[in-house]
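Below is one structure, written out as structure tokens; the observations come after it.
In the numbering used here, the protein residues as written are 22 to 156.
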């Protein structure tokens, strides 16, 4: 049966030759790059000590999503650096409750009452400044 199958495939290929496809553009890399881009996300870095030192944690993920601080840094954060966002709201308690403060830029030395008080946060995409929700 194998020789019969091979003969049919050979006849089909002879009857319908395969042509080489021509490129859509000189460089399809630029075309694809301009159409397909990775989804942006927020990045927030946290440090236990002032001036971005000590134990740290970096969050990279979706906007508009409440995120709890890991146990080892909970209520121990002294400096923060939000990136790719118009700002973040930081909360004293987990699950974005007990509003603490809002920041749109890096802070190398959190002052009282915010120092060692952050337990969760929520960030917003660029272009949404002023659309902060408070807990």
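Even glycine gets a Cβ: it sits at the ideal position worked out from N, Cα and C.
Remember, predicted model here, so these are calculated numbers, not experimental data.
query                                                                                                          : result
Whole-Å CB distance - residue 97 paired with residue 127, under 8 Å assumed                                    : Incorrect: roughly 18 Å between the Cβ atoms, too far for contact.
Beta carbon of residue 88 nearer than 8 Å to that of residue 122                                               : no
Classification of residue 119 by the beta-carbon crowding that lies within 10 angstroms, buried from 16 upward : exposed
Beta bridge counterpart(s) of residue 141 as assigned by DSSP                                                  : 89, 112
From 71, 95, 134, 116, residue whose alpha carbon lies closest to that of residue 86                           : 116
Sheet register partners of residue 103 (DSSP bridge)                                                           : 65
Whole-number beta carbon distance between residue 79 and residue 64, since they are thought to touch under 8 Å : 7 Å
Coil, strand or helix - residue 126 by DSSP                                                                    : coil
Residue 93 burial status per 10 Å Cβ neighbour count (16 or more: buried)                                      : exposed
Where residue 120 sits in the DSSP three-state scheme                                                          : strand
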